[in-house]
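Trainee: Residues in the sequence shown are numbered consecutively from 26, following the numbering used here.
Where a beta carbon is used, it is the ideal one built from N, C-alpha and C, also for glycine.
Note that this is a predicted model, so its numbers are computed, not measured.
I'd like to ask you about the structure that follows.
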Amino acid sequence: MAEKILSVLGYPDSELSVSIVGDLSIRRLNRDYLGRDKPTNVISFPMHEGEFSGLNPVLLGDVVISADTAAREAHEAEVEFHARLSFLLLHGILHLTGFDHERS
């Protein structure tokens, strides 16, 4: 799925890591890196920003998805769990490629 998304977005040779975690782990990441002490559905850590930007342009970064939050959201929206995971993966990859909530 990630390979298809990357290809459509024009990044066919790029790499990323995807981690599926629980709410406890994503809450820690959200608190430690974004200052929000609560679980969230997806967090992206782009490599084109910060101290290591430009080090390896093929590596886009990391996407971390909470399976617990994704399951709750899927249930609330009455959609399949895998459909929700796919949406969150797309959302995370879009952030890695420069899209954000305010400007894009």
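Nearest CA to the CA of Arg97: which residue from Val88, His107, Val89?
Mentor: Comparing Cα positions, the closest option is His107.
Trainee: Of all the options Val43, Asp38, Val104, Glu74, which has the alpha carbon lying nearest to the alpha carbon of His116?
Mentor: Cα-wise, what sits closest to His116 is Val43.
Trainee: Which one or two residues does DSSP pair with Ile90 in a beta bridge?
Mentor: DSSP output for Ile90 lists Ile45, Val67 as bridge partner(s).
Trainee: Hey, how far is the Cα of Leu31 from the Cα of Phe112?
Mentor: Whole-angstrom Cα-Cα distance: 14 Å.
Trainee: Name the DSSP beta bridge partners of Glu40, please?
Mentor: The partner list for Glu40 (beta bridge, DSSP) reads Leu84.
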